[in-house]
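Accompanying notes for the structure given below.
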Amino acid sequence: MYRRDGARKRGQRTTTSISPRHDSRMPEDDQTGLARLQHLTWAWFTFPMATGGLALLLSPQTQPHTFRGLDIIGKVVYICDLVIFSILVTAMIYRFIRWPKTMRLSATRPRESIFIPTMFICLASTIASISPYGIPFSGPWLSVTYRVLFWIYYAVTFCIAVTFYLWLFISADLHLEDITPAWDLPIFPFMLSGTIASVGASEQPPFHALTMIVAGLTAQVLGFLVSSAMFTVYFRRMTEFGLPKPSSRPAMFIAVGPPAFTSLAIIGMARAYPSQMQIFGQAQRTAQVLNIVATVSSIFMWCLSFWLFSIAMVACLLAAREMRFSLSWWSFAFPNIGLIIATISIDRQLQSEGILWVGSVATILMVMLYLFIATMHVRAVIKHQILCKGQDEDMYEREAQPKTEKIPEFQDIRDAQC
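Using UniProt numbering, the letters of the sequence shown map in sequence onto residues 1 to 418.
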């Protein structure tokens, strides 16, 4: 760590000392081989989280413009997602067995524990991808399996949402001035129950489809409302302390996720409404009304999501030269995948061919971005920028700092006026 001794006078040289625990070039025992897995944090699950989202984005059922082989590409990405997820689960189990104390610490360290829900977000995209990549090519047993997995996931993630936010409220180690959109992650898994329902309800019998839609809508709306409540605190924090530091700014894209996934889920559930159900009168008329309401509501959600995307993008561009790779870079992918799918879903409702091509171009750009982040991820591991002592989410970093520290010119002007 860098230590400043006293106030620095103009023109006076100061010396800094670097602690070996933060110098990734030091050949310590826990920075070689399997010993590096001691620093494998829950944030690593952002990798398969983005991979699963990409598989869902590339499915022919999602893309408005397809070509021969797209389905195969999507299946390959989906298989890669399953492999990456399995490897990470195995590595985490090894970490907890090899270093037993890390299990308790991973659940109590503020910065690491907030990423535990990312493992369940991975499961959400994995379950949802069963619908386009599995059900059409198998028997009815997989449709039943999908339904069972949905309800198990629904119950487990609700308990996670309650438990994690209760811990968040009583923890003395977290401070409001350090809030980032990552604090939305505990509600994300439960919220994505709506996405799972929107993707797979059309493959279910009418009664089961309706129950999935009602439960999914409940989860999706709750997730959006909780995220909106967290946004108010997040906006207040930025108003008082300014933007997050450069290393944390990719996490600003997490805020794009709740309205984006709510938008695509509402449309998906409206389209999956079973036409055989006569609950609200004539089924066809009910479906038409639901589609109109869903489209209007989704446009509202999409607009909010795009606004948050624009703020996050500009904030990252302002600090592009100061940003080094961290696992939060995967936030460039997963939330924005939701925004792209929401854009395509709305355009299909509006039957706008021109804007549908915007969704296709955005998909190509997302694939390129994913490959770039994956390359930087591998490079960071090789260069010991992550997965080593003092470089990962097992260290707590403060976010709050006065705005004038981020804009030195403003401080000089104010001093001159005084």
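C-beta atoms are modelled at their ideal positions from N, C-alpha and C, and glycine is treated no differently.
Sub-7 angstroms separation of residue i and residue j beta-carbons
| i | j | result |
| --- | --- | --- |
| Thr-157 | Phe-115 | no |
| Ala-128 | Leu-56 | yes |
| Phe-332 | Pro-250 | yes |
| Val-256 | Ser-305 | yes |
| Ala-219 | Ser-193 | yes |
| Arg-147 | Gln-204 | yes |
| Ser-125 | Gly-52 | yes |
| Ala-50 | Trp-330 | yes |
| residue 420 | Ile-267 | Residue 420 lies beyond the range of the chain shown here (1 to 418); nothing can be said about it. |
| Ala-312 | Phe-224 | no |
| Leu-174 | Pro-117 | no |
| Leu-54 | Val-77 | yes |
| Phe-325 | Met-269 | no |
| Leu-387 | Arg-36 | yes |
| Thr-195 | Phe-261 | yes |
| Ile-382 | Gly-359 | no |
| Ser-263 | Ala-342 | yes |
| Asp-152 | Ser-143 | One detail in the question is off: residue 152 reads as Ile in this sequence, not Asp. Not a contact, by the Cβ cut-off of 7 angstroms. |
| Asp-81 | Pro-132 | no |
| Arg-95 | Leu-40 | yes |
| Ala-209 | Ala-215 | no |
| Ile-346 | Trp-302 | yes |
Buried or exposed (CB count within 10 angstroms, at least 16 for buried), residue i
| i | result |
| --- | --- |
| Lys-389 | buried |
| Ser-59 | buried |
| Ala-265 | buried |
| Leu-243 | buried |
| Cys-122 | buried |
| Arg-379 | exposed |
| Gln-63 | buried |
| Gly-68 | The residue asked about is misnamed: residue 68 is Arg in this sequence, not Gly. Arg-68 should be labelled exposed. |
| Leu-217 | buried |
| Trp-307 | exposed |
| Phe-169 | exposed |
| Pro-27 | Note on Pro-27: pLDDT 44, under 50, position unreliable in the model; the coordinate value appears next. So Pro-27 ends up on the exposed side. |
| Gly-11 | For Gly-11, the predicted model reports a pLDDT of 41, less than 50, meaning its position is unreliable; a value from the coordinates is still stated below. Exposed, by the Cβ-count rule. |
| Thr-108 | exposed |
| Pro-100 | exposed |
| Leu-350 | exposed |
| Pro-259 | buried |
| Gly-33 | exposed |
| Phe-139 | Position check: residue 139 holds Gly in this sequence, whereas Phe was assumed. Gly-139 should be labelled exposed. |
| Ile-364 | exposed |
| Ala-229 | exposed |
| Phe-309 | buried |
| Gln-38 | buried |
| Thr-239 | exposed |
| Arg-13 | Its pLDDT being 38, under 50, Arg-13 is placed unreliably by the model, and the measurement read from it follows with that caveat. Arg-13 should be labelled exposed. |
| Ile-337 | buried |
| Ser-171 | exposed |
| Leu-166 | exposed |
| Gly-163 | Note that residue 163 is Thr in the sequence shown, not Gly. It counts as exposed. |
| Phe-45 | buried |
| Trp-141 | exposed |
| Thr-102 | buried |
| Leu-176 | exposed |
Residue i CB to nearest heavy atom of the ligand HEM below 6 angstroms
| i | result |
| --- | --- |
| Cys-122 | Within the structure as shown, the ligand HEM is missing, as the structure has no ligands at all. |
**Secondary structure, alpha helix (DSSP H): runs of 4+ residues fully inside the region 249-312** = 257-271
Next on the checklist: Using a Cβ distance threshold of 8 angstroms, determine whether the region 314-323 contacts the region 184-193, with at least three qualifying pairs required.
Outcome noted: no
Report the start-end ranges of each alpha helix (DSSP H) in the region 144-202 that is 4 residues or longer and not cut off at the edges. 188-191 and 193-200
### Query
For the 8 angstroms Cβ check, are there 3 or more pairs between the region 361-370 and the region 80-89?
no
| query | Does the region 349-363 come close enough to the region 276-288 that 3 or more CB-CB pairs lie under 8 angstroms? | reply | no
* Take every Cβ of the region 221-236, pair it with every Cβ of the region 171-182, and state whether three or more of those distances are shorter than 8 angstroms. => yes
| query | Enumerated in chain order, which unbroken segments of the alpha helix (DSSP H) with a length of 4 residues or greater are wholly contained in the region 27-111? | reply | 46-58, 70-98 and 101-108
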